[in-house]
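For any residue, its number in my numbering is found by taking its place in the sequence shown, counting from 1, and adding 8.
Glycine included, every Cβ here is placed at the ideal spot set by N, Cα and C.
Predicted, not measured: the structure shown is a model, and the values here were computed from it.
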Amino acid sequence: MAYADLHRRSITDPNGFWMEQAQTIDWITPPSKALFDQKAPLYEWFSDGVVNTCWNALDRHVETGRGDQVAVIHDSPVTDSITKLTYTEMRDQVAALAGAMAAKGVTKGDRVIIYMPMVPEALMAMLACARLGAIHSVVFGGFAAHELAVRIDDAQPKCIIAGSCGIEPGRVVAYKPLLDGAIAEATHKPDFTVILQREALVADLVSGRDYAWTDFVAGATPADCVPVDGAHPAYILYTSGTTGQPKGVIRATGGHLVALQWTMKNIYNVDPGDVFWAASDVGWVVGHSYICYAPLVAGNTTIVFEGKPVGTPDAGTFWRVISEHGVKSFFTAPTAFRAVKREDPKGEYVTKYDLSCLKQVYLAGERADPDTIRWAEDQLNVPVIDHWWQTETGWPMAANPVGVELMPVKLGSPAVAMPGYDIHVLDEGGHPVAAGDLGAIAAKLPLPPGTLPNLWNAEARFRKSYLEQFPGYYATGDAGYMDEDGYVYIMARTDDVINVAGHRLSTGAMEEVLASHPDVAECAVIGISDDLKGQLPLGFLCLNKGADRAAADVVKECVKLVRDQIGPVAAFKLAVVVERLPKTRSGKILRGTMVSIADGKAFKMPATIDDPAILDEITQALQSLGYAQP
Ligand code: COA
Ligand code: AMP
């Protein structure tokens, strides 16, 4: 079936469409239907099916003869090592870890936090939770202790599985002190932790609470797969919202399996046995869906890459990995390609490797600028597919479904709606706008399987954040337009979320940290354009009257405060002290106007501005940092 028919059917006959797809999954009890809409506008999929994710990701492949196929390749330029694990090895190690966890009391529904670098054990920890029906919450290694503590208090984990350290180019990041700090700060205390001791840094363990991974699993009785309902939460993944309290996105088990399985052939164009590589991190949704679950559920070989696009050791790393492991489909973020392009604009490294295995490349996480796409197409000679999705959806909302039909590529657009996504562009009153007109991008409810059914412990916030603005629709938080052929164009966020190097960050969360500095009376953080990272956060600080401090000292302390509280991933390095912030007469800070000034873009003086003269001060402050150039 070609794309248009397939998409139409997914909208007009969701039960029929998704029940057919559900047949690709091994169910213990098959679901009687796909959509459960009794609690609309909250929806569930495959709720009365009984299933286990780990079985579908590992055991079933061993049972059907793929046991000796490599499931996971750990390619780690930072430790100069390559390790391969077959499906049988993965199943056995995951069953042992799950058995050890079960022996310590972890059961179905318990939460487990995972705080690990890019090692295969991170996938084993996720899959061991899935095996037991425990709900994991992976926290990205670039977050600091406080962010980890916030997640511990919200998820209330029985156990935490962590690495002793992560390895960033040029430095070893000790995770264990961050974990200890987070546990000390959090009100909730886990019963125990399991620490993967890495050679680069062996952590001190707290007797009776912390167990070294190898001791923990030694002699464990392997655990069987525990049956769970289709609606059972597979995991919680926290993502940035408007405030410092992150949103705990829930992923339900049945829909997750069905939707991810559908994407591997139809979007990523890989068959069982093919090598698929998403160069992301398990701490992000891309890592959950496309490093861990989808490639394994679909019987592919997945790559866990512990390195960076440049500097580990050079701008040819991506091409080396693709060529060495025979990658057929490769997924990365535009910022990673911009980093490679900056170091190797002519693609001299590309010519050093045989890339004939590579058939297509996928970009997501932020807007893919046409220059970067063109550069990649020229270098690699394969389709470079922009596709658009979010932590909330877990899989692409819009893409070019290469495995169904390669649609014409339109630069600047992540192409067309994927099955079950009925996308509309709405004005402020919730009315559809004409093709080509800007508006808020929303998807008519229900969203397809695999998307968030709710937020952990926060149903009111779920309804308010996503469902109440446009009744009957899910508000994506993105703004943009659709053309007459149904191609979507994502232009900006409608909230305080910014996108730094493909990482989603909350300016509101940074403002909360800055406001806690004793000398800061008021502050605002905006996202300014950056050639490499897409956006960078920049803070404006108004100091308390009588704060007798050098501005440079306060700026330095504020930069450190954000790094300590949120983490290095925030990349908060720019701040400036100003007398006042530009506001409307009702007191709303004019962040959008400040972004335009910083980026040197023309802007209309807001009619409601309280005192236009403040904009001159803001311009001067930004110019002192090298921005706001006409
Ligand atoms: N653990 C600890 N620290 C981490 C970390 C981790 N897992 N990941 C990043 N950090 C640190 C970095 O070391 C850096 O610290 P620094 O301020 O001391 O230099 C900081 O967080 C910012 O990291 P990052 O934004 O990654 O910047 P970078 O300069 O190290 O690298 C890029 C720039 C573009 C190469 C890099 O951001 C990149 O590869 N981005 C792709 C992102 C991606 O794949 N996103 C997934 C969405 S699909
Ligand atoms: P995250 O939840 O971290 O995956 O971030 C999701 C957000 O990243 C989206 O809401 C968009 O704002 C942005 N995003 C992701 N993919 C794209 C894309 N292909 N084009 C433009 N923006 C994107």
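Check	Outcome
N507 in three-state terms, based on DSSP	strand
One or two residues paired with R471 in a DSSP bridge	DSSP, once it has assigned bridges, lists no residue as partnering R471.
Residue(s) in a DSSP beta bridge with S537	Q543
Residue range of the beta strand (DSSP E) that includes Y219	218–220
Check: L135 C-beta below 8 Å from any heavy atom of ligand 1	no
Delimiting residues of the beta strand (DSSP E) encompassing G189	Taken as a continuous stretch (DSSP letters only), G189 belongs to no beta strand (DSSP E), being part of the alpha helix (DSSP H) at 183–193.
Cutoff 8 Å; reference L66; Cβ partners in own chain excluding five residues on either side	A79, Y95, M98, R99, V102, L135, L304
Under the three-state DSSP convention, the category A532 falls into	strand
Residues that G171 bridges to, as DSSP identifies them	L204
Cβ shell of Y219 (< 8 Å), same chain only, five flanking positions each side left out	F200, T201, V202, I203, L213
Delimiting residues of the alpha helix (DSSP H) encompassing P128	128–140
Beta-carbon proximity list for A494, same chain, < 6 Å, skipping 5 on both sides	The sequence shown places Gly at residue 494, not Ala. V424.
Segment limits, alpha helix (DSSP H) that includes G516	515–523
Given D162 as reference, the closest of L463, R217, S364 once Cα atoms are compared	L463
DSSP bridge partner residues for E237 (one or two, in chain order)	Note on identity: in this sequence residue 237 is Asp, with Glu being the wrong assignment. Answer is V58, bridged to D237.
Inter-stretch contact at 8 Å, needing at least 3 Cβ pairs: the segment 282–296 / the segment 50–64	no
Coil, strand or helix - D100 by DSSP	helix
At least three beta-carbon pairs within less than 8 Å, the segment 271–280 to the segment 400–412	yes
Continuous beta strand (DSSP E) stretch holding A323: start and end	Element bounds for A323: n/a, residue is neither H nor E.
Contact test: P422 Cβ vs ligand 2 heavy atom, cutoff 8 Å	yes
Distance, A48 Cα to A182 Cα	46 Å
Classification of A442 by the beta-carbon crowding that lies within 10 angstroms, buried from 16 upward	exposed
Q368 - containing beta strand (DSSP E), residue span	368–371
The segment 390–398 touching the segment 468–476, judged by at least three CB pairs closer than 8 Å	no
Burial state of L540 (16 or more Cβ within 10 Å)	exposed
Cβ pair I175, I168 closer than 9 Å	no
Reduced DSSP secondary structure (H/G/I, E/B, other) of D430	strand
Anticipated Cβ contact below 8 Å, V266 with F54, distance rounded	7 Å
Inter-residue Cα distance where the pair is K650 and G535	Not covered by the structure: residue 650. The range shown for the chain is 9 to 638.
Which of helix, strand or coil DSSP assigns to T627	helix
Contact set for A509: own chain, Cβ-Cβ below 6 Å, skip 5 residues either direction	T343, K541
Close-in-space but distant-in-sequence residues of the same chain around D386 (CB under 8 Å, 5 per side omitted)	G355
Secondary structure of P440, DSSP reduced to three states	strand
Rounded separation between D572 and D379 - CA only	35 Å
Distance cut-off 8 Å: D279 Cβ against heavy atoms of ligand 2	no
Bounding residues of the alpha helix (DSSP H) (the contiguous stretch that carries H82)	Run containing H82: none in the alpha helix (DSSP H); it sits in the beta strand (DSSP E), 78–84.
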